[in-house]
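In full-length UniProt numbering, the protein residues as written are 1 to 425.
To keep things clear, I will list the structure first and then write my remarks on it.
Okay, structure coming up:
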């Protein structure tokens, strides 16, 4: 009965409206509102880590999950808006939920991140002195892609696979040494726009492959035998919005007819268990799956590209956070052993500990995901990487951790790529 009372509270608070209204979020800009609004006060939201004892307790939480529930006894991280903070803490205490504060003051981290970006921009740079240890805007990353292609014309090309809902180009970097009908590896980052470490890692990895081809034997072997397609910013509308208006925006920016809530979770929009566990039919939810599979232009562009290519052997989708390497439920021995090796080699770089396993058993049940669709469509090697950290900073990972994160992630990715090269199917 206690859980039912808590359920009523969460459903009766304005959390779903907060999902749709950028002004109610930390990092939002009042200039984005069509109506006059007073200046926003500092956003003192907190991120709480809650220990749930059973499945019923997990399902009653109706807030902004940063770390989603998986199995009973595992922690969930949730962002609580400042106006509701004390009331929610009282209810958690009353119902004997064990919790701790992971982030005391979200505004403090947002301010630090903004200041770090300002400092980086004060350093005089040219297009050829890109700072891989800083976060960048969509325009800066797209401009840098052109420089990368110009500097490595025999290896790297930029292709457009479609347009976003707001008509931004969907760019993919192709790494190829030539030859027709070559097997390929697909890597995407930033499908959830607020996960800035993923886009930054994608940029670093693109530079790594381009600059070390012909020098690093493993990179050279992979690119001599296969093509690699890397979509650094899979959700450009959302990513632009995280810079202009709402740092914590997750979804696409498509309009949902009949609802004032904007966007679809692009990692619940794939035709693989669509509408199942871990997704929502509520357009105001952060995990709204959309009106139908592949409704989002950003998702359909990838689907059409992979199907048209016809020879993609591996799909790797990069997310944050939680430090995990995951694969679809149907996998058996080989991917498990490969994931074990990849996680071990990743940890050997800086000692960062990752867990690995099937998505359903390791993190949470989720229908409509990228890697499940890839696996269902014949891509034997399909992986999701959840990058740093384990919750201290969450989606607001400091820029000082970009290069270390990318470096260790590359060790795991290279293991997977070499295995795919050496085990054709």
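Even glycine gets a Cβ: it sits at the ideal position worked out from N, Cα and C.
For clarity, every value in this text was computed on a predicted model and none was experimentally measured.
Residue span of the beta strand (DSSP E) that contains residue 244, given as start and end: Not the beta strand (DSSP E): residue 244 falls in the alpha helix (DSSP H), residues 236 to 244.
Under 9 Å between C-beta atoms of residue 322 and residue 67: yes
Beta-carbon contacts of residue 236 that lie in its chain and below 6 Å, excluding the five residues immediately before and after: 138, 164 and 168
Cα-Cα separation between residue 35 and residue 83, rounded to whole angstroms: Here the model assigns residue 35 a pLDDT of 39, short of 50, so the residue's position is not dependable and the matter cannot be decided.
9 Å Cβ cutoff met for residue 326 and residue 412: no
Where residue 96 falls, given that 16 or more other Cβ within 10 Å makes a residue buried: exposed
Stretch-stretch touch, CB-based, cutoff 8 Å, three pairs: the region 252 to 263 with the region 204 to 222: no
Simplified DSSP assignment, three categories, for residue 391: coil
Cβ neighbours of residue 359 in the same chain (closer than 6 Å, five flanking residues each side left out): 326
DSSP-derived helix/strand/coil call for residue 291: coil
N- and C-terminal bounds of the beta strand (DSSP E) containing residue 156: 156 to 163
Residue 416 burial status per 10 Å Cβ neighbour count (16 or more: buried): buried
Boundaries (first-last residue) of the alpha helix (DSSP H) holding residue 373: 370 to 376
Best match in 63, 80 and 356 for proximity to residue 44 [C-alpha to C-alpha]: 80
Closest by C-alpha distance to residue 313, when choosing among 232, 247 and 423: 423
Residue 389 versus residue 135 - alpha carbon distance: 16 Å
Euclidean distance between Cα positions of residue 25 and residue 350: Confidence in residue 25 is poor, its pLDDT being 48 and thus under 50, which makes the residue's placement unreliable; the coordinate value appears in the next sentence. The straight-line gap from Cα to Cα measures roughly 34 Å.
Proximal residues to residue 300 (C-beta, below 8 Å), its chain only, five neighbours per side dropped: 162 and 294
Integer Cβ distance of residue 356 from residue 339, believed to fall under 8 Å: 4 Å
Residues bridged to residue 75 [DSSP beta-bridge criterion]: 51
Spatially closest choice to residue 194 from 372, 368, 221 and 250, by CA coordinates: 250
Top-ranked residue by Cα proximity to residue 108, from 46, 146 and 129: 46
First through last residue of the beta strand (DSSP E) which encompasses residue 169: 169 to 175
Segment limits, alpha helix (DSSP H) that includes residue 415: 402 to 422
Residue 283 CB to nearest heavy atom of the ligand NAD below 8 Å: For the ligand NAD, the structure offers nothing, since it holds no ligand at all.
Residue 249 (DSSP reduced to helix, strand or coil): coil
Residue 451: first and last residue of the uninterrupted alpha helix (DSSP H) it sits in: Past the edges of the chain, shown from 1 to 425, lies residue 451, and the structure says nothing about it.
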